[in-house]
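**Student:** Residue numbering for the sequence shown follows this note's numbering, beginning at 5 and increasing consecutively.
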Amino acid sequence: GLRGVQLQGEAASVDVEKAEEEVLHLRKITNQYALQDIFNGDETSLFYQMPPNCTLATMACSGRKGDKTHMSYMLTTNADGSEWLKPLVFGHSKQPCCFQHKTPQSLGFDYHFNKKAWMTGVIFQ
Numbered sequence: 005g006l007r008g009v010q011l012q013g014e015a016a017s018v019d020v021e022k023a024e025e026e027v028l029h030l031r032k033i034t035n036q037y038a039l040q041d042i043f044n045g046d047e048t049s050l051f052y053q054m055p056p057n058c059t060l061a062t063m064a065c066s067g068r069k070g071d072k073t074h075m076s077y078m079l080t081t082n083a084d085g086s087e088w089l090k091p092l093v094f095g096h097s098k099q100p101c102c103f104q105h106k107t108p109q110s111l112g113f114d115y116h117f118n119k120k121a122w123m124t125g126v127i128f129q
């Protein structure tokens, strides 16, 4: 019969003991500040040309290498949720066609571009 099949990707492992030590260390530091003064930013990517990683099949099937063309996003807020920073978007093109002659600022985000569409130390400054 037909069933859903999950295609396998990459996996990683974490040293749980070391992670717990780091959490305690960070708590000591952050306890010195008000929640409104503690910010966290996280970067994620949208692989907009990547094929799905699951499919319907009558038997097991192998995965395939997908197109890794992507845009990266950096979203940042403070610990109590009272302040959100403008999203940062990273792409490959200086002026992507999807902007349709509009500026990123008018669309509600800041845009940067580089060959790999990644956050860099220079941009983070």
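Glycine included, each C-beta is placed from N, C-alpha and C at the ideal position.
Does any residue of chain D bring its CB to less than 8 angstroms from the CB of residue 91?
**Tutor:** Among the chains in the structure shown there is no chain D, since it carries only a single protein chain.
**Student:** Where does the unbroken beta strand (DSSP E) through residue 60 begin, and where does it stop?
**Tutor:** Locating residue 60 in the sequence shown gives position 56, counting from the first residue. Looking at the DSSP string, the run of the beta strand (DSSP E) that includes residue 60 is 58-61.
**Student:** Answer with buried or exposed for residue 63, where buried requires no fewer than 16 other C-beta atoms within 10 angstroms of its C-beta.
**Tutor:** Walking along the sequence shown from the start, residue 63 turns up at place 59. With fewer than 16 other Cβ atoms within 10 Å, it is exposed.
**Student:** When you compare only the Cα positions, how much space is there between residue 30 and residue 38?
**Tutor:** Taking the sequence shown and counting its residues from 1, one reaches residue 30 at position 26. Taking the sequence shown and counting its residues from 1, one reaches residue 38 at position 34. About 14 angstroms.
**Student:** Report the residue from 98, 115 and 36 whose alpha carbon sits nearest the alpha carbon of residue 77.
**Tutor:** Your numbering for residue 77 matches position 73 in the sequence shown. Measuring from the Cα of residue 77, the nearest candidate turns out to be 115.
**Student:** Cβ atoms of residue 74 and residue 92: under 8 angstroms apart, would you say?
**Tutor:** Stepping through the sequence shown from its first residue, residue 92 is reached at position 88. Stepping through the sequence shown from its first residue, residue 74 is reached at position 70. No.
**Student:** Starting from the Cα of residue 52, find the closest Cα among 72, 34, 61 and 44 and give me that residue.
**Tutor:** Counted from its first residue, the sequence shown places residue 52 at position 48. When only C-alpha atoms are compared, the closest one is 72.
**Student:** Can you give the beta carbon distance from residue 89 to residue 46, rounded, assuming they're within the 8 angstroms contact cut?
**Tutor:** The count along the sequence shown starts at 1 and reaches residue 89 at position 85. The count along the sequence shown starts at 1 and reaches residue 46 at position 42. Contact flag wrong, Cβ pair sits at about 12 angstroms.
**Student:** According to DSSP, simplified to helix, strand and coil, what is residue 80?
**Tutor:** As a position in the sequence shown, residue 80 is number 76, starting the count at 1. In the structure shown, residue 80 sits in a strand (DSSP, three-state: E or B).
**Student:** Residue 85: buried (16+ other C-beta within 10 angstroms of its C-beta) or exposed?
**Tutor:** On the sequence shown, residue 85 is found 81 positions in, with the first residue counted as 1. So residue 85 counts as exposed.
**Student:** Could you check how far apart the C-beta atoms of residue 81 and residue 43 are, in whole angstroms? I think they sit under 8 angstroms.
**Tutor:** As a working note, residue 81 is residue 77 in the sequence shown. As a working note, residue 43 is residue 39 in the sequence shown. With 8 angstroms as the limit, residue 81 and residue 43 qualify as a contact, their Cβ atoms being about 7 angstroms apart.
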